[in-house]
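Q: Provided herewith is a single structure, encoded as structure tokens, for subsequent inquiry.
Residue numbers (the working numbering): 26 to 940.
Printed below as a string of structure tokens:
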């Protein structure tokens, strides 16, 4: 029987083939390398750092760029700085990083859990996460959690594991240890230098002679260490079968080599589970001396017995998937190995050069191999054995290194999303055969101190796994104070569902209380004395505190401008600003900040309740929500917006620049002007050849090379131009000035409404053009899955520039740090390039009225897919007068009803008795 790990489900891209190969066939104009965030446990020079630096150096050769985050300094800092930009921070600071700047995140251990927690919420849920787990510290504690009834802690870890796109293990045993946390995203990439590192350290700190005395062997003994699978902690059926199979070997070998003093040591189980008794029973049955066979447990010094052994015999009937780690350590100790010709061993070990191989179940072949390795003349190892030991050490030093690097290169290509502006990584075939970067770490191995293992144990003890366990234990303990003898039950621990139920009950009680107060206010009552009125007023004031406006809202009341910061998830909260100048605008009702007056965009614009349109419109959807019946929320003469990402990219408006902006618009209250502070990235003209200037070049780069063609089609559809009309791309000349980006700007409120009028029609046209592709899930502007979900966003981000340039608005750049002002694209210099006839407000109002009339009359052939009516108010000539007339009529009828109720004739009269 073969025990092996098999994934529950395989990511779709792994099945369908290489996504990058398809992207290579597209027309791409990328100008930057794909960015990866690497979160380190530490920067110490250890086996983990050796593994990571080897893999990541090769990934850098393929074209990836790294930003490295570490929570502690270390000796390997210089190495990491050569690999990429290094940032030192505390675990609490992970929530202040804009993870959307990266194509993927790699976490190297459990110590990166704080970072994983910060990306488990929107808007970071879409960022691919690769979590590398190379130790079993948590798996050993899962059974303890279940025994203690800590199901919530297990559930917590399972939820954390589920956030990873892929959880990567270095062998096939670890996924089985963690099977309780498997949500179908486990993956194995074989290869790690940890066994070689451990063996090399052990060799530097121990001596064979002392080990022999400690283990009780004589100098003339030839110690044959029999090993098998290390998966089991107790004597398994595998060893029972191996003992029976080795019976002929154990009896014939001494007779064939009487000069050699063989001692067989079986490495299996633990030292206290009776394994030695089973071995002695076998020795007695075979008529062997008592000290001929002995047992050694995995809970003892395994490296010591491997180092002291003269020969290591791998005896296992399992067709394992991993190259046995015990053989790697033995070869590192320069111990010759004898092993069956299993496929995984045959793949790397050359018969007679790295070791001696024998057919499975052939005892004669085992006897022959052991005989070849021992000399009958002096009872020691032969020259063949010494040569095999030397060759084996060289093999073990870099075994599986190339496969490991190739595995991670393939994994990155499959898991990551590569946006249109990214240069695709090079082919793996360009990489030379990889080896572990021993040269960078060899001095540490030579100079290692005896306290290395002790310090490693201390590091493991301080693991986040233990810390979280202690926190959970402290949380659970008070629940059972009254009954100390009672075991903790999973039912005693409140679950998330329990907390949600409590919250719903509290909301219901609050709603009932408010409703009763309102009913009491409407009920006529005798006020009583002034003292009673005074007490009632004070009580009302105290109860009103919860509903009082916060200080920011009160300060904002006197402001001339309000800047709405657009965000779409709790992960963006640390990037938002506080103060009278700013107000939050949430694209999701679930993402609203607590105790703030943030605007709920879906509540103002029901279209955004549909996640598809919320994603496809991005920030401009929030602007549509503000513009929809704007008088009910914004009555200031100026309005502005700023994406939450502006802060993560260090281009958000500073306090100093904000004051300059307020002073400027107070002095210049009139005029069509736009202030912006986040600038559009210009791409090198060599990236893409075009006569339309860098503005449209850059737009093409960010939109799969189809920005200009899509803009032309949308422009023709919007204005009803025939396909033969060649001039459909508004010119945006290269005058060396800056353009706006990230929806970070301020303008007069009436100007904003004009921009929204234009934008709604343009968005509708893009939607029609994209739907004409025939597949709702396809996007002609996207190269990756994330870009497809946000199909229109990148083009709509630059729409403000096209509209402002051609509608004759002044454009002023405000330095977000210093507050310096500088006009861009002066009006007098762009007169010859402006398409004023298309951006004339009279024309746009007429077009808007035509669309409103069509919406009211139902003229569109497919109203269910017509986007424009859902993006804001539908207004046409005469609608306002009609609404006012209906309002006056309803008021008139209400007055009549009240008057009729007050008349005495309206009172109840008793009917005549005769009726």
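Just so you know, even glycine gets a beta-carbon here, dropped at the ideal spot from N, CA and C. Small disclaimer: the values here were computed from a predicted structure and weren't measured.
#1: Go ahead and label residue 871 buried or exposed: buried means 16 or more other beta carbons lie within 10 angstroms of its beta carbon, across all protein chains shown.
#2: Assuming residue 883 contacts residue 852 under a Cβ cut-off of 8 angstroms, what Cβ separation, rounded to an integer in Å, is found between them?
#3: Could you confirm whether any beta carbon from chain B is found closer than 8 angstroms to the beta carbon of residue 345?
#4: On the premise that residue 591 lies in contact with residue 644, defined as a C-beta separation below 8 angstroms, what is that separation, rounded to the nearest angstrom?
#5: Is residue 530 helix, strand or coil by DSSP?
#6: Helix or strand or just coil, what does DSSP make of residue 73?
#7: Is it a yes or a no for the region 100 to 107 touching the region 55 to 75, going by three-plus beta-carbon pairs under 8 angstroms?
#8: Apart from the five residues just before and just after residue 88, which ones in its own chain have a Cβ nearer than 8 angstroms to its Cβ?
#9: Which partner residues of residue 288 appear in the DSSP bridge assignment?
#10: Pull up the DSSP beta-bridge partners for residue 625, would you.
#11: Going by CA-CA distance only, name the one from 453, 286, 722, 331 that's closest to residue 428.
#12: Skipping 5 residues on each side, what residues in its chain have a beta carbon closer than 7 angstroms to that of residue 410?
#13: Given residue 742, which residues of its chain have a CB within under 8 angstroms of its CB, disregarding the five upstream and five downstream residues?
#14: Exposed or buried, which one is residue 200 when buried takes at least 16 other CB atoms within 10 Å?
#15: Are the region 216 to 231 and the region 239 to 258 in contact at 8 angstroms, needing three or more beta carbon pairs?
#16: Which partner residues does residue 395 have in the DSSP bridge list?
#17: Around the C-beta of residue 126, are 16 or more other C-beta atoms found within 10 angstroms, so that it is buried, or is it exposed?
#18: Which runs of the beta strand (DSSP E), 3 residues or longer, sit entirely within the region 193 to 249?
#19: Just the Cα atoms here: how many angstroms apart are residue 195 and residue 324?
#20: Would you identify the three-state DSSP class for residue 923, choosing helix, strand or coil?
#21: Could you round the C-beta distance between residue 214 and residue 432 to whole angstroms and report it? I think they count as a contact, below 8 angstroms.
#22: Which word fits residue 416, buried or exposed, when buried means at least 16 other C-beta atoms lie within 10 angstroms of its C-beta?
#23: How about residue 93 and residue 114: do their beta carbons lie closer than 8 angstroms?
#24: Ignore the nearest five residues each way along the sequence and tell me which others in residue 770's own chain have a CB closer than 7 angstroms to its CB.
#25: Buried or exposed, going by whether 16 or more other CB atoms sit within 10 Å of the CB of residue 601?
#26: What do you reckon, are the CB atoms on residue 780 and residue 828 nearer than 8 angstroms?
#27: If I measure Cβ to Cβ from residue 713 and keep anything under 8 angstroms in the same chain, skipping five residues before and after, which residues do I get?
#28: Hey, could you find the ends of the beta strand (DSSP E) residue 62 is sitting in?
#29: Could you tell me the boundaries of the alpha helix (DSSP H) in which residue 362 lies?
#30: Nearest-angstrom Cα distance between residue 845 and residue 607?
#31: Enumerate in chain order the residues of its own chain whose CB-to-CB distance from residue 407 is below 8 angstroms, with the five nearest sequence positions on each side excluded.
#32: Assuming contact is defined by CB atoms lying nearer than 8 angstroms, are residue 190 and residue 236 in contact in what I supplied?
#33: For residue 250 versus residue 337, is the C-beta spacing smaller than 8 angstroms?
#34: Does the beta-carbon distance from residue 376 to residue 414 come in below 8 angstroms?
#35: Measure the C-alpha to C-alpha separation of residue 748 and residue 736 and round it to an integer number of angstroms.
#36: By a C-beta neighbour count over all protein chains shown, 10 Å radius and 16 as the cutoff for buried, is residue 175 buried or exposed?
A: Result, derived from the coordinates:
#1: By the neighbour-count definition (other C-beta atoms within 10 Å, threshold 16), residue 871 is an exposed residue.
#2: That belief does not hold up - the Cβ atoms of residue 883 and residue 852 are roughly 42 angstroms apart, past 8 angstroms.
#3: The question asks about chain B, but that chain is absent: this structure has only one protein chain.
#4: Right, the Cβ-Cβ distance comes to about 5 angstroms (below 8 angstroms), so this counts as a contact.
#5: DSSP places residue 530 in helix when its eight states are reduced to three.
#6: In this structure, residue 73 counts as helix in the three-state DSSP scheme.
#7: Yes: at least three Cβ pairs fall under 8 angstroms.
#8: In its chain, beyond the 5 residues on either side, 58, 59, 448, 449, 450, 451 have a beta carbon closer than 8 angstroms to the beta carbon of residue 88.
#9: Answer is 248.
#10: In the DSSP output, where bridge partners are listed per residue, residue 625 has 611.
#11: For residue 428, the nearest C-alpha among the options comes from 453.
#12: Correct list, in chain order: 361, 398.
#13: The answer, listed in chain order, is 790, 793, 794.
#14: By the neighbour-count rule (16 or more Cβ atoms within 10 Å), residue 200 is buried.
#15: Counting Cβ pairs under 8 angstroms, fewer than three are found: no touch.
#16: Within the DSSP secondary-structure output, residue 395 pairs in no beta bridge.
#17: That one is exposed.
#18: Entirely contained in the region 193 to 249, the beta strand (DSSP E) runs reaching 3 residues are, in chain order, 211 to 213.
#19: A straight line joining the alpha-carbon of residue 195 with that of residue 324 spans about 22 angstroms.
#20: Three-state result, residue 923: helix.
#21: Sure, about 4 angstroms apart at Cβ, within 8 angstroms.
#22: Taking every protein chain shown into account, the CB of residue 416 has 16 or more other CB atoms within 10 angstroms, so this residue is buried.
#23: Cβ atoms of residue 93 and residue 114: not closer than 8 angstroms.
#24: Annotation for residue 770: 665, 666, 699, 700, 701, 825 place their beta carbon closer than 7 angstroms to its own, counting only its chain and skipping 5 residues before and after.
#25: Flag for residue 601 reads buried.
#26: Cβ atoms of residue 780 and residue 828: closer than 8 angstroms.
#27: Confidence in residue 713 is poor, its pLDDT being 48 and thus under 50, which makes the residue's placement too unreliable to answer from.
#28: Here the beta strand (DSSP E) through residue 62 covers 60 to 65.
#29: First-last for residue 362: 362 to 365, but that is the beta strand (DSSP E), not the alpha helix (DSSP H).
#30: Distance between the alpha carbons of residue 845 and residue 607: 20 angstroms.
#31: Non-local beta-carbon contacts of residue 407 in its own chain, meaning distances under 8 angstroms to residues more than five positions away in sequence, involve 397, 398, 399, 400 in chain order.
#32: The answer is no: Cβ separation not under 8 angstroms.
#33: Yes, Cβ-Cβ distance for residue 250 and residue 337 is below 8 angstroms.
#34: Their beta carbons are not under 8 angstroms apart, which means residue 376 does not touch residue 414 by this criterion.
#35: Cα to Cα, the separation comes out at about 13 angstroms.
#36: Buried is the call here.
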